[in-house]
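Rendered as structure tokens:
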């Protein structure tokens with residue numbers, strides 16, 4: 001995961017946009033997105049992504065760390081694919097959130113490594 005973090009931080013992959021997203025602000029937004037998506041404010045999750053995540057966390061205590069890094073890689077991939085500008089960051093975040101939520105709702109995901117976006121960590 002260190003290599004993944006370094007790649008995103010230093011923006012080493014892909015054709016770079018003229019206006020990059022601010023790394024720290026992206027991290028804060030990704031944290032908030034995951035808190036909402038996984039219903040982490042509740043004692044028990046009330047939605048399927050949150051419920052499924054609790055199961056993943058039971059299998060791997062580092063599941064949140066891995067999910068966070070995966071989400072960051074997804075934002076990076078969406079940013080480059082959409083050739084987004086700074087003003088389109090919310091669209092990128094929404095697309096990432098929708099994709100990640102679909103993956104977390106999948107019956108095929110029994111381990112954090114089963115997320116299709118997990119492969120982004122090791123490119």
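Residue numbers (full-length UniProt numbering): 1 to 123. We put the CB at the ideal spot given by N, CA and C, even for glycine.
Boundaries of the alpha helix (DSSP H) in which residue i is found, first to last residue
{"i": "residue 113", "result": "Where residue 113 is concerned, there is no enclosing alpha helix (DSSP H), given that its DSSP letter is neither H nor E."}
Coil, strand or helix - residue i by DSSP
{"i": "residue 84", "result": "coil"}
{"i": "residue 34", "result": "helix"}
{"i": "residue 136", "result": "Any property of residue 136 remains undetermined from this structure, which presents the chain solely from 1 to 123."}
{"i": "residue 52", "result": "helix"}
{"i": "residue 90", "result": "helix"}
{"i": "residue 29", "result": "helix"}
{"i": "residue 41", "result": "coil"}
{"i": "residue 20", "result": "coil"}
{"i": "residue 98", "result": "helix"}
{"i": "residue 106", "result": "coil"}
8 Å Cβ cutoff, residue i in contact with chain B
{"i": "residue 64", "result": "Annotation note: the requested chain B is absent from the structure, which comprises a single protein chain."}
Same chain, Cβ closer than 7 Å to residue i, neighbours up to 5 away in sequence not counted
{"i": "residue 101", "result": "37, 49"}
{"i": "residue 39", "result": "45, 46, 47, 50"}
{"i": "residue 88", "result": "82"}
Top-ranked residue by Cα proximity to residue i, from the options
{"i": "residue 98", "options": "60, 117, 108", "result": "117"}
{"i": "residue 21", "options": "90, 34, 115, 108", "result": "90"}
{"i": "residue 92", "options": "57, 79, 31", "result": "79"}
{"i": "residue 53", "options": "122, 103, 87", "result": "103"}
{"i": "residue 64", "options": "84, 76, 30, 87", "result": "30"}
{"i": "residue 94", "options": "114, 57, 115, 72", "result": "72"}
{"i": "residue 107", "options": "27, 43, 55, 68", "result": "55"}
{"i": "residue 96", "options": "41, 123, 68", "result": "68"}
Whole-Å CB distance - residue i paired with residue j, under 8 Å assumed
{"i": "residue 120", "j": "residue 74", "result": "6 Å"}
Own chain partners of residue i with C-beta closer than 8 Å, once the 5 adjacent residues on each side are dropped
{"i": "residue 60", "result": "66, 111, 112"}
{"i": "residue 109", "result": "52, 56, 103, 115"}
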